[in-house]
Each structure stands twice: as structure tokens, then as C-alpha cells.
Amino acid sequence: MSATGTSAPAGGRGVTGGLLRDVIAAWRQQKGAALLALAIFAFLTLFLILPVAQVVYVAFLDANTGAFTLVNFLDFFRTPLFRESFYNSFYVSFMSVVVATIISLPLAYFTSRFNFAGATLIQTLGVLPLIMPPFVGAVAMQMIFGANGSINLLLDEYFGFTIPFMEGLNGVILVQSIHYFPFILINLSASLNTIDRSLEEAAQNLGAHGMRLFRRIVFPLAMPGYVAGAALVFLKVFDDLGTPLLLNVNTMLAPQAYLRISSIGISDPMGYVISVMLVVFSLLSLWVAHLATRGRDYASVQKGGGGLLRRDLRPWERAGAYGLILLILLVVLSPHIGLLLMSFGTIWSFSVLPDGFTLAHYKEVFTTAMPYITNTLLYAGLAALFDVMLATAIAYIVQRTRLPGRHVLDYIGTAAVAVPGVVLAIGYLRTYHDFVLPGVDKPLATWWVIIVVALTIRRLPYALRACSAALQQISVTLEEAAQNLGAGRFETVRRIVVPLMAGGIAAGFVTAFATAAVELSATIMLVSSEADAPLAYGIYVYMQTAAGRGPGAALGVLAVIIVGVATWLSHRFVERQRTQAALDERMAAQGV
Amino acid sequence: MLARTFMAAIMASAVALLPVSIAKAAEIENKLVVVTSFPKDLTGVFKRAFEAKYPGTKVDMLKKKTTAGVKYIQETASNNTSDIFWASAPDAFEVLKGDGLLAQYQVQAKGIPEKIGAFPLNDPDGYYKGFAASGYGIMWNTRYLKAKKLPEPKEWEDLAKPVYFGHVGMSAPSRSGTTHLTVETVLQGLGWEKGWALWKAIGGNLKTVTERSFGVPSGVNSGEFGIGIVIDFFGFSSKATGYPVEFRYPSTTALVPANIAIVKNAPHPKAAAAFIEFVLSPEGQKLLLDPKIQRLPVRPELYDGPAKHLPNPFKGEIAASVAFDVKKSKARYNLVNSLFDVMITYRLDDLRAATKAIHEAAAALASKPNAEAQKLLDEARALVAAVPIDEAKSLDPAFASIFKKKRKKKTDKVTGRQAEVEQQWDAMVKANYEKARALAEKAKAMAQ
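Top line first, the protein sequences correspond to chains A and B. Residue 613, in our numbering, is where the first sequence stops; the numbers in between run on with no holes. Residue 435, in our numbering, is where the second sequence stops; the numbers in between run on with no holes.
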């Protein structure tokens, strides 16, 4: 690891007296960045802090008198059920990071280390588990892994035993790891691909090979990406309620909050207390992740031709690697195989496979689904685009400027991961329903753009982690060089920083897009007209009836295909950039 | 052109004096926004038929689950854009009515009785109307029962039998308005103590408590669990779709109406009125018989004609033995939800462990009777069945208000916090289940 020194921002400093002076000084030096930071702060305040505060303030109210109190938080810690839930959430999140790491390490390593036919395909398929369409994904999972799912029915018939894949906390860990490991895979791959090859060569020259090379050089250099991915898995699992609800595990924090917030006509403040606890704990774990990479410098100077040296595999190695990867993909993609079967199946009940196959569900879906598809592309695409723009800006402000309080942006943006979708949506309705937009002529809360804003806010943490990790790997000396050569700050960002961050930005875009495309909890509250509804909402509508399971699954398959294609295209884009850069470099080296 | 409409026809026959002005009154707005929890199979049929009848009007069906629908109408009330709220659970309508968010409407259509079974069909204050009836019952997967060699269940009590351990699924009353009605019906039918004892005995046999009411038929259809406690049309429509399932009404059941209401300050009031009239007309009621809908119409004459295959609720063909007391149900609505969650949903594992031990001890005692062990077993059963509060307390308005939280006025005083009460209940319930398990294990050991 090279020590370039200057890039690490100074840590804690005097807050009180020096602050004003700092602000003025910072303003003079970095007017543009400061304005940008203020604009982002205003956006986050308007669409995250204010709406959420509108909803969760009841956590701080005495329900009897309406006065400010912390007694609700005391109740939280006094209740054994909540303590148990807290412990369970922590345990499940930690174990999910471990299992997800075991799944994603080989996938990331083999595809970025060796010359592999179809590496792009594998990395694309590896993203698919993130796209678990609501409701249908859950049913598909049950049909495959459930107590009476295909695997257990087969096991029971031939071996006379069954495996409780989907029972209790271990079931949650399994499903969460399968669902969220792509966070690690994507971010780790992005990191591996930007490692300075000369460092690896130097290590090899000094005699490091195989595992030692990986353990001492490669993995440490890829740390920012790994930590970003692992932190996301941890946060997401900690705050996720879909899977616990699917497995009917209620003794975890997120489902406890959700169940209490969303029951009819009741306003139990404990639901909001738990939401506040989720936000606080998420920030805490983010801070721990920050500590893990602080004080080290991951930046390397050489870019472009970077990435690990790829070598060819010997035939038997190749067979082994393919075998391992196929096995992993088979396991993590089995819910999608179940989804595919459901979408073509007639009746599938207590049997290994559906009773028969039909195209009727797709026919039904294609007559109704086009608006859903275009809406989804529009919403998820815009949201992911805003996300990477915001994330790049925040990452730059945090790591490259000395604006006081700049870390606040990072923390606020990431805290969004802990805000339950239903809380954000209620907050929007409460804050913006009376605000009629001039020119649009309807309340902001019922305009389709509010759905895009909600998705942007909810998926910002993903993009933020990816972009921060990417920037961490770029040496500030490159920018200094550009500025010495006369480039302005904006010019430097545009011509140097953003291109070098391309891998990380693409990773952020893909995760934000993929997950936004199947988001339901906030959109279901915010959709105010059928014409504005996205795919996830269409799936929800179908999955309300016995007859709708097939068409719902067909819509789910469409969602997976859309996201799969988008992912593949962005991988292609990044890959082409890399090859182009490598070509440029070679030509430059040859003095052409 | 719109003079031909059904509503105009009714009104014209009633007031034959001024047909011209009536024709104008029947002209409706070109848009209608319906917030509904009903599935596409139901809303689509009504949307198409209504739009065919009123070609100038476009219906926007906003599908939200009941809880989200209620929240949506509450949060958007200041600038309301919805015309109609259309859902099953009467209590959701009660909540909206209590918040002053519904408009009164006098139905023009004739020939609909006041009561269905013992339940009043319409809101006595005229805010919402019943348009279809539903009863609760037991649904099962025939393949599942055959594979696991289980008998068909007939009554709620059957679901508590040891043979069904781990095979039953239901939703929680706090999650699903329809499940709430089922729970409350049994509590009223059997009485508070016996009712809860039965729910806990069934609770001990549960494979799962699903997060939404459709999770139950979905699980039975998949074969995830074999038996579910569901509302009738879930059973009927699953069967009509082709799933290997059956449905039966037990004798302790109540028939309750599914409802429709106009939202206060509706932007399209005339279209809203026309829609309600359409749903209640013979023509609209017949649409309920669509194989994918299968709800019980509220026009008795249909049961002699197209609805012959369905049980006639107006002739007592569904043994709705419980006279459902709406006031009682409303008074302790949130309290019952909370009690169910604390005792069953959140402590399912503990409850199951205790129930399993009790089943095993009972089996051991059946083959080798032992008076002393029997006493321990009875004690264990009593511990599981124990409820933290009695019926009088559940109906005490001061106590129930702890679970309501919404103070109407600043001066309203409530003592105690829900979290505090739940915590006490939880401690008691957990200790009881643990002790019951220990006693039952001891009884089993003695019998062996």
C-alpha cells in the first residue's frame, strides 16, 4: 500500500470556537463544493429528514400527556421481547455477512483473476438474487426450499428425511445470504478490478504466490469494496423485513416495527421507537465499518490498465472452477428457477413440479403489463441515475474537501437504509399532500415524480457505499497532477475522477436500479393512479388472488429479465472502458 | 344518452313527474377513483361492466391493502382525491367513519334486506353499505391431507387436536380485519375464557402466523401447510382456479358484510353514487358470482336463480350461530389484537413447545392412565389457557383506551402505556408456557 498521505482528511477538531472561522475559510476556498453540499443537504432535509421526523416524532411523546419524553425508549429496553428481537437481528445480520462472504468470494475472485469465458455472464447472473420480486419471490422460495417444497418432497421420497431450510433464524440467515450476497460480489469485484497491477507484480517478484499473495496483497487492497459490500449486507439484513415476514419470524426488530406501524387504526408508539432504534444502530454499524478502513490508504496511482493480472487456467483447474461456480449459481438462483416454473406452470401444489405447463400467464401479462414495464424502467432508471450523481458528489465532498460537517451528508444518506418504506411514504403524504405544485396542478405527494424521489432516497445508501469505495481507491495525486497542468476543479472531476470511478459508479447504479425495480413498501402507499403504477405494484395486485399466482410470477420473471439486461449492459460498458483504457495505455507506452 | 342508465330508470319509476331533469341528474362525471383492497379479479369485472354502462366515465381502481388504504385516505384527507372506499372489513370503515372521513349516502336501490344473519347489513348511520356477505371457515389442501394421512377438519375445535400439530396456518387479527372478525366471533360465541383457551390450543398447532390474510390461502394452495382459517371466498375462488382444496363453514361462525362507502369531499360525487347503485343492482350483484370472485350476494332472490350453488345466508343455510355484537367488538378492538399478538404471534415458539409436550403427555396417559400425572397435565393446560385479563376488564373503557392512543382532546387523560401493559402480559405468558411445558414433560415421564 502506498502512502500518499495528503488525501486522508484530518479527524476530530475543535467544534465550538473554530467552527465559524472554519466555515468562512471553507467558503472562500471551496465555494462551488460548499454550494453543492448545501444543495444536497437541502434535498436530504426536504425528502428524508423532514418527512421521517413528521412520522417518528411520536416516539418521543408521552402518549398520555403529549409531552416530550424518553420513557418509550426505556420501555424498549425493559421489554424482553424487544431485547430478544434486538439480539436476533444482530445475530442474523452478522451471520448473513459471514455466509454471504463465503458465497461471493469465489465468484468475485475467479471472475476477476482468471481468463474466464462468460465472466460477464457470471457477474450478471450473480446480481439476479438481489431481484426478488415481492410476494412471488417469497412463494417461489417456498415452492423450492419450503417444508413441502420440491427439494424436501424429493428428499422425503428417496431418503425419508427433510431439511428445515426455511425455519427460524437459520432459515432467515440462509435466505438473506442468498438474497443479498451480490452487494459484496458487486463491490468486491469493482475493487478487484481497480487494484494496481504493479503492486501484485511487485509482490510476485518478491516471491508471494497463491493464497499468500491473495491474503497479504490482493484482499487487503480490495478492502474498501469488501467493507462497503459487507456493511451493506449487514445494514440491509438488519433493517430488512421482507424475509423475516416471509419466514414468519416475528422476533426481530424490523418486523416488530412494521407489524406495529401497519396495523389498522392503531398508533402504538413502540413501532416508531423501534424505527428510531434501527436508524441509530445502522449509523453505529456504519461508523464501525468506517473505523475498519480508516487510517489506511487504499489509493493507488496507476489506473486504466489496472485490475489483477488475469491468467489462464489449466484444464483441470478450469473444470473445478466451473463446477464450483455452477454449484453456487444453482443454489442462489433456485428461487428464480422456481419463479420461472411458476410462470409457466398451471397448478403447483404439494408436488415437485407444476401439474402442467402453459403460456396463458404470459399472454395475460402482455396484454396488461406494458405500462407497468415502462413505468418501472422510468422510475428505477431515474432513481438510480440521481443516486449515482448524488453519491458521487457526496463521496467527493466527504473525501476531497475540508468542508466542516461534510461527514453529515454521508451519514444522513446512509441512514435512509434504516427507514422503513412505509414510514417514508406516510411522511411524504403528510408533508407534501397539501403542497400543490405550480405547473403540475396536483399535490406533490400524488405526482409520479414523488415515487422517483422515494426510490432515490431509499436506494441512495447502496450507491453511496459503492461510490465512496471507488473514490477511496483513487490517489489524490492524480487530481493534483491535473490541477497542476491547469485543469479547474470541475474539469478535474469530469475528466479524471469520474472516469476513474466508473466501475464503482456502475456498481452503484446496478444495485440501486435492480433493487428499485422491485421496491414495493413505499410505492404501494404513493401510487395514486393505476396509470402510474410500476411492476412491483402489478405483481402485488396479481398476488392477491388464487388465480393471479401464474401471471404474478410471469411479471416477476419480466422484472428479473429487465434488471438482468440492464446489469449486463452496464458490465459491458465498464468492460469496454477497461479494454479501451488498456489499449490507450499500451499505445502510449509504445510511443504511438 | 345517459337517460338510459339504471339509476335514472329507478328514479324515473319512483318519480315519474320530471323525466327531463332526472336525466340531467343522472349525468355523471367522467372519472371515478376507487380505493379498494379487493383483488383484480373482482375490481376488473366491476370496472369493465361499469364503464360499459357509463361510456363517458373512466374508473381508476387504486388497489391498496386495507390498512394502507385507510392510512392513504387519512393522510390525503386535506386534499382528497378519492371517491369511494371499497373493502371487506367493517372495522376499517368504522375507523374512517370515526375520523369523519366518509360521506352519508342514501341508497336508491330496493330489495336489499336490513340484516344478513344476525349482522346488520348497512351502517345504521348511513355511512357505509354492505354489498356482499362473507363467512369464515376452514380450508384445506386435499393432497396434503392425503399425503400426511390427516382427517378432514369440521369444527374450530378440531384444529386443536394433536393430529393437526404443525399443520395449521392463520393470520393475526392485528394484520387482517377478516381474521379479527373470526377471532372475535369465537370469543363471543364461546365466551371470553373458553374462546381464548380454544385460540391458544389452535395457536399451539400453528405452523405459522401469516403477515397478511391472503398468506393463508396462498400457503394452503402451495401445500406449505395443510389447513387454513380463511374467509369463504378465498376457499371458493382457490377451488375455482383449480387448486386441490376444499372449504367448510364450522357451526360457530358469523356472516359479515363486505362494504362500500363514499369518501367525504369526493371529487366525483355523482359517479360515486352511480357506482354504489350499480354494485347493489341485480346486474351488479350477479357479477359477484363470477367463478374467480364467488362472494355471497346480498339480494335474496339470486339464491333461487344464478346463485343456487352457494349457501343461502338468508335462509340459515350457513349455521351462523353467533349473534355478533358490533359494539362489544369495537370497544376492545385494539386490545384483542394486542392480546393475540402477545400470547400467540410473538410467542409462537414457546406456545408450540408447551403444546407439543401436552400432546405427548396426553398420548402417554391415554395408554397408561395415571391420576397424579393427569392432574399435572390439567394444570399445564390451564396454564397455557390462562388470559392476563378477564372479559370485564377487556370491556372497561378506561383500560381499553390505553390501546387507542389517539387522544381526541388535549385534556383526555389516559393512564398506563401499551408497551408497559404488553410487557407485563408477555412476562406472564412466557412464564406460563415454560411452566406448562415442564409440567407436561413431568406428567409424561410419570406415565411411562
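C-beta: ideal position from N, C-alpha, C; glycine also.
- Assigned with DSSP and collapsed to three states, A:G263 falls in helix.
- DSSP places B:L137 in no alpha helix (DSSP H); its state is neither H nor E.
- With respect to B:G124, B:F234 sits close: the two C-beta atoms are nearer than 8 Å.
- Remark: C-beta atoms of A:A475 and A:L445 approach each other more closely than 8 Å.
- Secondary structure at B:S121: strand, using DSSP grouped into helix, strand and coil.
- Remark: C-beta atoms of A:L579 and A:A557 do not approach each other more closely than 8 Å.
- For A:V461, same chain residues with a beta-carbon under 6 Å away, outside a window of 5 residues either side, are W468 in chain order.
- Assignment of beta-bridge partners to B:L168 by DSSP yields no partner.
- A distance below 6 Å between beta-carbons, with the five flanking residues on each side excluded, links B:V371 to the following residues of its chain, in chain order: K187, A341 and A423.
- Contact between the stretch 208 to 222 of chain B and the stretch 120 to 139 of chain B is present, with at least three C-beta pairs closer than 8 Å.
- Among the CB atoms of chain A, none fall inside 8 Å of the CB of B:L283.
- In this structure, A:V531 and A:T588 form a Cβ contact; the two beta carbons are roughly 5 Å apart against a cut-off of 8 Å.
- A residue is called buried once 16 or more other Cβ atoms fall within 10 Å of its Cβ, and B:K52 is buried on that count.
- Taking the beta carbon of A:I368 as reference, the chain B residues within 8 Å of it are T228, G229, Y230 and P231, listed in sequence order.
- Assigned with DSSP and collapsed to three states, B:S158 falls in strand.
- Under the Cβ criterion (8 Å, minimum of three pairs), the stretch 129 to 146 of chain B does not count as touching the stretch 250 to 258 of chain B.
- DSSP, read as helix, strand or coil, puts B:P356 in coil.
- Listed as beta-bridge partners of B:D47 by DSSP are B:V20.
- Take the alpha-carbon of A:H200 and the one of A:A159: they are about 11 Å apart.
- Under a 10 Å Cβ-count criterion, A:H454 is classified as buried, with 16 or more other Cβ atoms of the shown protein chains found around its own Cβ.
- The alpha-carbon separation between A:N191 and A:N271 amounts to approximately 14 Å.
- In this structure, A:Q277 sits near A:F103, with a CB-CB distance shorter than 8 Å.
- Using a Cβ distance threshold of 8 Å, B:L19 and B:D78 do not count as a contacting pair.
- If the five residues before and after B:S163 are omitted, its C-beta is found closer than 7 Å to the C-beta atoms of R199 and S200, all from its own chain and listed in chain order.
- For A:L57, the three-state secondary structure derived from DSSP is helix.
- By the criterion of a C-beta distance shorter than 7 Å, A:G524 is surrounded in its chain by A211, N214, T215, A491 and V595, once the five residues flanking it on both sides are discounted.
- Taking C-alpha positions only, A:P441 is separated from A:S303 by approximately 12 Å.
- Sixteen is the threshold: since fewer than 16 other Cβ atoms of the shown chains lie within 10 Å of the Cβ of B:P138, the residue is exposed.
- Selection B:Q410, B:Q411, B:E347 and B:Q405 evaluated against B:K431 yields B:E347 as nearest (Cα-Cα).
- Taken through DSSP and simplified to helix, strand or coil, A:F135 comes out as strand.
- Here A:A487 carries a helix assignment [DSSP, helix/strand/coil].
- Contact between A:R593 and A:T183 fails: their C-beta atoms lie close to 43 Å from each other, not under 8 Å.
- Within chain B, the residues whose beta carbon sits less than 8 Å from that of A:M546 are K51, A55, K58 and Y59, listed in sequence order.
- Buried is the label assigned to B:A147, since at least 16 other Cβ atoms lie within 10 Å of its Cβ.
- Contact of A:H454 with chain B is assigned, a C-beta pair being separated by under 8 Å.
- Around the C-beta of A:S117, 16 or more other C-beta atoms lie within 10 Å, and the residue is accordingly described as buried.
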